[in-house]
Amino acid sequence: MHHSHLAVSALGLIALLGGCADRAPSADARLAIAVAPLTLDGVTNATYTLSVVNGAGETVWTRTVDADAYGDGAGSLSYVGTCDADSNPNRIDLVVESLEAGGVTLVSGVDWVNPAPPGNPVSRTADCVADQDVAVTFDLSLARAAQQGFFDVALSFSDVFCSAKLDCVRDDGGTLTELHLLSNPSTGDRDRTAVLGFACTAGPNQDTVLHLDPIAIACGSGQSVSVDSSAGPGNLDPSYSGSELLFQAAVYRGVEQLGTNHKAYWNVALGLNPSAAPAPTSCTLTAAGTVTDGPLVGGLTPDGTRWPYVAWSVELYDAAGTYTCGQHGAGDGNGVDLAYSDTAGIAFAASFASVDQSVETYQTACAIPNCASGGLCDSVSGDPLSCDACDAGWTGALCTLAPRLWYRADTLALADGTAVVSWPDAGTANATLVPQGTAPTYRTGVVNGRPVVRFAKAGEMISGAFVLQQTSNDYTFYAVLKAGTTQNQYADILDNNHGGSSNATSAGPVWQQNVSNTNNMGVGFWANPPGVYSGGSPWNVSTAAFTLQEVQKAGTQQTAWVDGSVAISEGVQAIMNKPSVPFALGGNTYIATRRWDGDMAEFIYFNRALTPSERAEVQQILATKYAITLN
9 MHHSHLAVSA LGLIALLGGC ADRAPSADAR LAIAVAPLTL DGVTNATYTL SVVNGAGETV
69 WTRTVDADAY GDGAGSLSYV GTCDADSNPN RIDLVVESLE AGGVTLVSGV DWVNPAPPGN
129 PVSRTADCVA DQDVAVTFDL SLARAAQQGF FDVALSFSDV FCSAKLDCVR DDGGTLTELH
189 LLSNPSTGDR DRTAVLGFAC TAGPNQDTVL HLDPIAIACG SGQSVSVDSS AGPGNLDPSY
249 SGSELLFQAA VYRGVEQLGT NHKAYWNVAL GLNPSAAPAP TSCTLTAAGT VTDGPLVGGL
309 TPDGTRWPYV AWSVELYDAA GTYTCGQHGA GDGNGVDLAY SDTAGIAFAA SFASVDQSVE
369 TYQTACAIPN CASGGLCDSV SGDPLSCDAC DAGWTGALCT LAPRLWYRAD TLALADGTAV
429 VSWPDAGTAN ATLVPQGTAP TYRTGVVNGR PVVRFAKAGE MISGAFVLQQ TSNDYTFYAV
489 LKAGTTQNQY ADILDNNHGG SSNATSAGPV WQQNVSNTNN MGVGFWANPP GVYSGGSPWN
549 VSTAAFTLQE VQKAGTQQTA WVDGSVAISE GVQAIMNKPS VPFALGGNTY IATRRWDGDM
609 AEFIYFNRAL TPSERAEVQQ ILATKYAITL N
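Numbering (our numbering), first residue to last: 9 to 639.
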């Protein structure tokens, strides 16, 4: 091994502080790690676990250290280690183990919210070069529950205090009754109303800038609605004929001066149509918001930072169609939670600044990996699958290829562990996925600092009203996934809902993982003539790491690639179209035991056979995004 100097610094929310590397486990080669002082008041010590892993996945070293021994006692830390120049890239992991205030250990999840807990470190990669110092910067933002009542239930981001809630009922002398605030045009009376409230102050003499996404409601029936939080102020008067989920919506923004502090608030009222209660299925409201003491460029939090934000995910109606929304305060474990973005950052659709009370809307980041790094969506047509520009080095394949279906976990603004009740489609089909039975879960920072949707073989599946073979018998699809080590028999990762009496006429493909060998996958489909199962040759993949899998059918030839290498190539028959059969990820609606176990970060489907150059370009985009080595 060549050992070389790798300088790593972790930033606080406000500023960088370098540290002296005066303790080294080896005089031969060094890795300088600096952790800035934490900005939370009262913190007197912090304990971290630091690890360096080489490109082969071997741990170069790991050690648990604290600020008392290696820093200023208030969270800053300096430490020296090594890296492996013979096996790049090296990955540096930082875990925050604990915080102390005056010798008392603060309770994670109660007193503070950990951006880098055990099992989910903040990680960065760098090429280690012999006899050189290579700098890697971590941006570590800490937040904790406020120790004072600020508005209602408050959360503290360093010196920023926020209140976030969703109220559907009010307390009338100990009795909870429905909020009736907005007027229903069908009756002329005030009717069922849910109010999302968000308010923050960024401290003395600082601008308070709130950032908020549209408020979305999605139902298992397929009904959905989105309210533009940047609209208004006042009633939005949406078109209403009596059957929509919302009969009215209203947006209110404003400021209050609290001494030298600028408080900003942003509230959205939603008139929920009682006659449109979607029995027997559930409806969930989702939204995301954050605060800064200045504007965000393009509405995007800084790259490399796990930025704190508030995630709303509140059930309005349960599976029986019963109205269940109540009082939901930030941090009370009831659907309004403090979360951290992944290190790639999170984009918000609009902002409201307290100083001049201006509203700015942002061209949301393209749903395209090669443009998210700098290119913008088409500013004329607003087409999320067209780009004005891409960074140098990107050729722009996904700017022009227009996938039919595109599901990315990193477009979901959810708290870690939240149920995925709606997975929007970034493709041209606009086919939102909703759970069939138990919902899969959203997990942050799982692959290259990015999130995944986690399926469990106990019955988690998500599907959408789109037929894979709608316009073509050819296809190309990609998935970044890691399969679980145990599977149900013929666990369906992708399925056109085949099974039961529909076998003779179902369309394909059916992409499965076999129980006989947990590393064994295959793809096939019911084909012409009716009842003939075509394809299905298996290939092996690792269950220990994420892989990039690609399957293509071009005419009578089907090929599968794993991390860029051909896994199978075989002749197949023509598949059948069945326009009434939708598709599913993670299972089969006809056979409940065929549910898949594993993590999926991204799924892209084209209803045509891509050319070799197009395929290679998409492979490179996904491999770069998820740090997957192509063979």
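Here a beta-carbon is modelled for each residue, glycine too, at the ideal position from N, C-alpha and C.
For residue 627, which three-state DSSP category applies?
In this structure, DSSP gives residue 627 a helical state, which the three-state scheme calls helix.
Which residues mark the beginning and the end of the alpha helix (DSSP H) in which residue 340 is found?
Note, residue 340: premise wrong, no alpha helix (DSSP H); not H, not E.
Status (buried if at least 16 other CB within 10 Å, exposed otherwise) for residue 644
Look at the range of the chain in this structure, 9 to 639, and you will see that residue 644 is not part of it.
Report all residues from its chain with a CB closer than 6 Å to the CB of residue 248; omit the five preceding and five following residues, and keep chain order.
Cβ neighbours of residue 248 beyond the five flanking positions: 193, 255.
Using a threshold of 8 Å, state whether the C-beta atoms of residue 108 and residue 57 are closer than that.
No, these two residues do not count as a Cβ contact at 8 Å.
Contacting residues, own chain, Cβ-Cβ under 6 Å from residue 620 (five flanking each side not counted)
Same-chain partners within the cutoff: there are none.
Between the Cα of residue 4 and those of 358, 464, 323, spot the shortest distance and give me the residue it belongs to.
In this structure the chain extends from 9 to 639, so residue 4 is not present and cannot be described.
Buried or exposed, going by whether 16 or more other CB atoms sit within 10 Å of the CB of residue 374?
Summary for residue 374: the model assigns pLDDT 42, below 50, so the residue's position carries little reliability; its value from the coordinates is reported in the next sentence. Residue environment for residue 374: buried (at least 16 other C-beta atoms within 10 angstroms of its C-beta).
Beta-carbon separation (whole angstroms), residue 299 vs residue 203, contact threshold 8 Å:
With a contact defined as Cβ atoms closer than 8 Å, residue 299 and residue 203 miss out at about 19 Å.
Taking the alpha carbon of residue 616 as the point to measure from, which residue in 66, 257, 103, 412 has its own alpha carbon closest?
Closest option to residue 616, Cα to Cα, is 412.
Whole-angstrom distance between residue 276 and residue 571, CA atom to CA atom:
About 45 Å.
Those runs of the alpha helix (DSSP H) which lie wholly inside the region 302-369 and span at least 4 residues
Taken in chain order, the region 302-369 contains no complete alpha helix (DSSP H) segment of 4 residues or longer.
Grouping DSSP H, G and I as helix and E and B as strand, with all else coil, what is residue 503?
The answer is strand: DSSP assigns residue 503 an E or B state.
Compare the C-alpha of residue 210 against each of 501, 639, 302, 492 and name the closest.
Checked all of 501, 639, 302, 492; the closest Cα to residue 210 is 302.
Limits of the unbroken beta strand (DSSP E) element including residue 571
Careful: residue 571 lies outside any beta strand (DSSP E) and carries neither H nor E.
With DSSP run on the structure shown, which of helix, strand or coil describes residue 490?
Residue 490 falls in the strand class under three-state DSSP.
Roughly how many whole angstroms lie between the Cα atoms of residue 489 and residue 417?
One Cα belongs to residue 489, the other to residue 417, and the distance between them is close to 11 Å.
Between the region 630-637 and the region 439-446, are three or more C-beta pairs nearer than 8 Å?
When C-beta atoms of the region 630-637 are compared with those of the region 439-446, fewer than three pairs fall below 8 Å, so the two segments do not count as touching.
Pairwise C-alpha distance: residue 531 and residue 273:
Going from the Cα of residue 273 to the Cα of residue 531 covers about 52 Å.
Cβ-Cβ separation, residue 188 to residue 304 (assumed contact under 8 Å), whole Å
In fact, because the Cβ distance is near 36 Å, the residues do not count as touching under 8 Å.
When DSSP labels each residue in this structure, what does residue 465 get in the three-state scheme?
Of the three classes helix, strand and coil, the one that applies to residue 465 here is coil, per DSSP.
Residue range of the alpha helix (DSSP H) that includes residue 76
First-last of the alpha helix (DSSP H) with residue 76: 75-78.
Residue closest to residue 206, alpha-carbon to alpha-carbon, out of 465, 333, 223:
Checking every option, the nearest Cα to that of residue 206 belongs to 223.
Could you pull out every residue in the same chain whose Cβ sits closer than 8 Å to the Cβ of residue 252, ignoring the five residues on either side in sequence?
Excluding sequence neighbours, residue 252 sits near 233, 246, 281, 284.
For residue 359, count neighbouring C-beta atoms within 10 Å of its own C-beta (all shown protein chains included) and say buried if the count is 16 or more, exposed if not.
Residue 359 comes out buried.
Beta-carbon gap between residue 547 and residue 501 smaller than 8 Å:
At least 8 Å separates the beta-carbon of residue 547 from that of residue 501.
By how many angstroms is the C-alpha of residue 50 removed from the C-alpha of residue 314?
Counting only the Cα atoms, residue 50 lies some 22 Å from residue 314.
How would you write the range of the beta strand (DSSP E) that residue 612 sits in, first residue to last?
Counting along the chain, residue 612 sits inside the beta strand (DSSP E) bounded by residues 606-614.
Let me know the secondary structure DSSP gives residue 619 once reduced to three states.
In the structure shown, the three-state DSSP call for residue 619 is coil.
Ignoring anything shorter than 3 residues or poking outside the region 222-271, list the beta strand (DSSP E) runs there in chain order.
Counting whole runs of 3 or more residues, the region 222-271 contains the beta strand (DSSP E) stretches 223-227, 232-235, 254-266.
What's the C-alpha gap between residue 208 and residue 423?
One C-alpha to the other measures close to 20 Å.
Residue of 627, 293, 178, 221 minimising C-alpha distance to residue 335
Minimum Cα distance to residue 335 is reached at 178.
Using a Cβ-Cβ cut-off of 8 Å, state whether residue 205 counts as contacting chain B.
In the structure shown, chain B does not exist; there is a single protein chain.
Helix, strand or coil: which one does DSSP assign to residue 141?
Correct three-state label for residue 141: strand.
Residues of its chain near residue 155, where Cβ-Cβ distance is below 6 Å and the 5 sequence neighbours each way are ignored
Low local confidence applies: a pLDDT of 47 at residue 155 is under 50, so the model's placement there is unreliable, with the coordinate-based value given in what follows. The answer is none, since no qualifying residue turns up.
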